[in-house]
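What follows is a single structure, written as structure tokens, with notes after it.
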Amino acid sequence: LFIIRQSPKSPLLTFINPEIVSFKDREPTKEEKDTEKKTGVQLEGCLSLYNVWGVVKRHDEITVSYMDELGAAHTKTFNGFLATIIQHELDHLQGVLFPKRVLEQQNPLYRSVRNAKGEVEFDEIEL
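Take 3 as the starting number for the sequence shown in the numbering used here and just add one per residue.
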């Protein structure tokens, strides 16, 4: 069981016994690649691990079967940030925290710190 909210104005979504039944991955478009070059990569974090971040490649689109809080069965497709959140929470249900995925994908882990100006910087964690 997990309950998520994509943004403060989004409704709560309850997932009971969730299971990914299919997924799709795609190559990023030229525009997406250009945006990533300008803005940097998307770091994943977790409230369970204070100030720890890393890059995790997740499926772009997932189809999940689950029950809601009323016991109704659903099979829905999610993409984008919501698909990432769901995969992150499914990992928790399996006892997996995101740093395991980061290291499996041979990516570095980072710790966020504030510099003298109060700006957030990311320092690589030496393992």
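Each residue gets a CB set at the ideal place from its N, CA and C atoms; glycine is no exception. Please read these numbers as outputs of a predicted model, since none were measured by experiment.
In this model, S114 and V57 are separated by some 14 Å (Cα to Cα). Rounded to whole angstroms, the Cβ separation of L111 and V54 is 6 Å, and the two are in contact under 8 Å. Counting C-beta pairs with one atom in each stretch, the stretch 73-88 and the stretch 117-126 have fewer than three that are closer than 8 Å, which means they do not touch. For I87, the enclosing alpha helix (DSSP H) starts and ends at G82 to L95. Between I6 and L84, the gap from beta carbon to beta carbon is short of 9 Å. Going by beta carbons, F17 and I88 fall inside the 9 Å limit.
With fewer than 16 other Cβ atoms inside 10 Å of its own Cβ, H94 counts as exposed.
At a Cβ-Cβ threshold of 9 Å, D70 and L15 count as neighbours.
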